[in-house]
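In UniProt numbering, the protein residues as written are 1 to 69.
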């Protein structure tokens, strides 16, 4: 890992997903990335932000029953 940046393969391993998925979300501009020439690189903070953006809060009992929390 060079100066805190991960390549596509390392990002896929870090997120426990496929390289194909990483390339797809890059093409769709759904994740922040850096271009170094023709190479795509990711900062760990950007990968963590992507994970947090997909976070779904749990449903509480009062929410499920339609009451105010």
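Here a beta-carbon is modelled for each residue, glycine too, at the ideal position from N, C-alpha and C.
Local Cβ density within 10 Å of residue i, reported as buried at 16 or more and exposed below that
{"i": "residue 11", "result": "buried"}
{"i": "residue 22", "result": "buried"}
{"i": "residue 31", "result": "buried"}
Sheet register partners of residue i (DSSP bridge)
{"i": "residue 41", "result": "34"}
{"i": "residue 65", "result": "None; residue 65 has no bridge partner."}
Residue i vs residue j beta-carbon contact at 8 Å
{"i": "residue 47", "j": "residue 5", "result": "no"}
{"i": "residue 36", "j": "residue 26", "result": "no"}
DSSP-derived helix/strand/coil call for residue i
{"i": "residue 6", "result": "strand"}
{"i": "residue 15", "result": "coil"}
Of the listed residues the options, nearest to residue i (C-alpha basis)
{"i": "residue 29", "options": "59, 7, 50, 57", "result": "50"}
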